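Numbering (our numbering), first residue to last: 744 to 1554. From the three backbone atoms N, C-alpha and C, an ideal C-beta is built for every residue, glycine too. Given the structure is predicted, the values throughout are model-derived calculations rather than measurements.
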RNA sequence: GCCCUCGUGGUGAAAUUGGCAGACACGCCAGCUUUAGGAGCUGGUUCCGCAAGGAGUAGAGGUUCAAAUCCUCUCGAGGGCACCA
């Protein structure tokens, strides 16, 4: 008997499913059918090649798209390359090959790997973010942001990675380390392009409600946006008409504000400089704070530092008391007003600061109601309570006092967000040039849209300079241009865009990849958007997914797209851990190579195993032993179908088993529902159960049952399914076949096993009609030997009956 | 420190969402098959017990006729945020 030979079968079908002219996977833009847009997070084509983690997500989306195609939907399932940015560039530097060549080579390798896995992409829509015809539109979107006042240049404190030699976005800094290379970031003050994502904070938060996303991701975005409601209050500076504005969420504690603290960068320190008595020690402190490394700041998180601005006092607008003003770097210049009112009694940080410097602590909110005197606080009391030591407000619940106080002192209610604007310049070569020209006379001039794309010039030296400029600055020919407005001498912006730029809108370009007039054709956009299913890792929860939503909303506002949100449903595949249960990494030596697995077991086995491992969203350890089971499963299907084909001549087609027929319909139902709910592991186990039964009843198989099994298998193991389909005498492609329907009646058994419990414990089981009534069941059950045994002489107190399932006799 | 998620056999996991715990698979054990191949087939496999039976879903308590599932606390793992006033 011939053996299941995945290598032979898979290469046979992969040759037919050619990238160039395989029309079945090509989505039709003019179809009248219902559309289904299934998209993966596209990879950056690293030199490492495809990872088993890629295989997991990509298999899931491949199953979805093959399934929906068989359901008669017009499926769009594209693939592309996120090839700009640090990963590609760092790799190029390491290997001393130009990034462009590296990317081309890696794309070729990735393509080969994806094809070996049998993924059914619409290759006619392949995109590459480094293609000038692609990034022309990335630059175009930047110009729209500029036009809308959403892109601006500013001198801002930035995170600088000394190893990658570039500025990083807030989102790229994890625990004060560079997300890419793990180096501790430095703080620098640099002139940068910044995108005003904060203008969209409220909408980015609000619209999370309409998204069908994992709660975890929504929660992370919510926290990252960090909305907090509070008030802005003004403290007059004594002997001056200046005022210090503070932001607080606890205006109710204003009576307990015993001093103010300014951030080191606060403008008032310079404005009032002359009045400061201890100028030299203040200067010292500011200087230290400026040069403090992130490491020192982290170490100091517990013990607070600061210095008093002697000679300057402010008036607490509620108590009218004169209070001191301090400077400390625990106050952030970039949040709120850069100044706070300090209430040591009701804020942990303020408490620590007051203890450090012996400043007064005044408790004004008390947990208990009728207290005459309060014991000395050993820690800040941050809970709710009633007002105390607060004049007219005494005895009032603090949340009511809050609004009163804001009104009384003329404060303004305000909402603040933790979200910061997106620092958009990178001092690196391998990115989209920012399409801006700087003219001595005209200032910042956008490159006219007709001159796009601004091509990234080929250079010999693409290593980062380590300065505030990218390597592009060295190319005089490219940098020096005529100003588009006045024709005078001008220079190009030499910074490039961050790696996230290209992925902010790629889902739109898949819809219309060769359009030279527009980013995307309106009709096509309207037909395909939004993306129905988006599958990728959770690591992009606050990076790519937030940025892309932001750009999409801007595009919506200027009428370029028709939906509020880009990705309707998001599914996160969980990490595949190494066999040791640890995250896969080269240094641990626990990386599993998908190529090796394909070599040994075939792509179908690998696909199936990764889907069978466990729930898609869960992190789960790789076990090479486990893939053997799926290989065996496929072998058995192969043997069953081929064996059936050989025996068919001798068998009559009519001797079908009713039980098998029922199981078949149950399985169709289970697999169908499981695919739609991304429960691939249980879908596969249902097919295994079916196969076990079919093997036991070989003599009762029919062509129809074999064909149904093959169709169910098709989205999961497309090569083997197609091969067996052909072996069964079909010339068609399974992609064009219709997904099997199930007969609801056949999925329901007329008889069920009734569980018999006494006092909640399982004592017996009995096969009964599904529609048995409580009365019938009681009569039947009370006559059973086992039940009588357990009842003894006692009478049932109560009988619980769950129709078609269970009966519980309580005694 | 704060927030979120999760703890089920030797392993990956399943459990119609409050109704038979451990489906399906890996591994292991026994047997069969001249069988040297990560082969196939049959049976067994949560724990204690010869059995009847009992115990059992990290631990303790609670709600319920009934809890892996709901509630409270404790412990443990993973992830996110981290001076955001």
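DSSP places residue 868 in no alpha helix (DSSP H); its state is neither H nor E. Inclusion of residue 904 and residue 930 in the CB contact set at 9 Å is not warranted, their separation being larger than that value. For residue 779, the enclosing beta strand (DSSP E) begins and ends at 778–783.
Scanning the stretch 771–825 for uninterrupted alpha helix (DSSP H) segments of 4 residues or longer gives 795–813, listed from N- to C-terminal end.
Between residue 781 and residue 808, the beta carbon gap of about 4 Å places them in contact (Cβ cut-off 8 Å).
Across the structure, residue 998 and residue 1088 are spaced so that their CA atoms are roughly 11 Å apart. Checking the DSSP bridge columns, you'll see residue 1130 partnered with 1108.
Setting aside the 5 residues that flank it on each side, residue 1136 is surrounded in the same chain by 1130, 1144, 1147, each with a C-beta closer than 7 Å to its C-beta; the list follows chain order.
In the structure shown, the three-state DSSP call for residue 1535 is coil. Proximity to residue 1430 across 1445, 823, 1439, 1414 peaks at 1414, based on C-alpha coordinates. In the DSSP assignment, residue 1159 is bridged to 971.
In the three-state reduction of the DSSP assignment, residue 1002 falls in the strand class. Within the same chain, and ignoring the five residues on either side of residue 1032 in sequence, the residues whose Cβ sits closer than 7 Å to its Cβ are 1007, 1072. Scanning its chain for C-beta atoms nearer than 7 Å, with the 5 sequence neighbours on each side dropped, one finds around residue 1189 the residues 886, 889, 1178, 1179, in chain order. Put simply, the backbone Cα of residue 1017 is about 59 Å away from that of residue 1263. Around the C-beta of residue 1009, 16 or more other C-beta atoms lie within 10 Å, and the residue is accordingly described as buried. In the same chain as residue 942, and ignoring 5 residues on each side of it, the C-beta atoms closer than 7 Å to its own belong to 893, in chain order. Rounded to the nearest angstrom, the gap between the Cα atoms of residue 1436 and residue 1517 is 33 Å.
The closest CA to that of residue 1350, considering only 791, 936, 805, 778, is found on 805. In the structure shown, residue 1167 adopts coil according to DSSP, grouped into three states.
In the displayed model, residue 920 falls within a strand according to three-state DSSP. Annotation: residue 1391 to residue 768 spans about 33 Å, alpha carbon to alpha carbon.
Distance from the Cα of residue 976 is smallest, within the candidate group 1459, 1156, 1075, 1181, for 1156. A straight line joining the alpha-carbon of residue 915 with that of residue 1221 spans about 30 Å. For residue 1329, no beta strand (DSSP E) run applies, since DSSP gives it neither H nor E. Taking 9 Å as the cut-off, the Cβ atoms of residue 1162 and residue 940 count as close.
Secondary-structure assignment with DSSP links residue 1076 through no beta bridge to anything. Every beta strand (DSSP E) of 3 residues or more that sits fully in the stretch 1169–1255 is shown, in chain order, as 1179–1182, 1186–1189, 1223–1225, 1232–1235. For residue 988, the uninterrupted beta strand (DSSP E) segment begins and ends at 986–991. In the three-state DSSP reduction, residue 904 falls in the strand class (E or B). Residue 1358 is a Cβ neighbour of residue 1422, given a cutoff of 9 Å.
In the structure shown, residue 1292 adopts helical secondary structure according to DSSP, grouped into three states.
For residue 1500, the beta-bridge partners assigned by DSSP are 1505, 1551. In the three-state reduction of the DSSP assignment, residue 747 falls in the coil class, being assigned neither a helical nor a strand state. Following the DSSP letters along the chain, one finds residue 1067 inside the beta strand (DSSP E) bounded by residues 1065–1070. Annotation: residue 1454 to residue 1419 spans about 16 Å, alpha carbon to alpha carbon.
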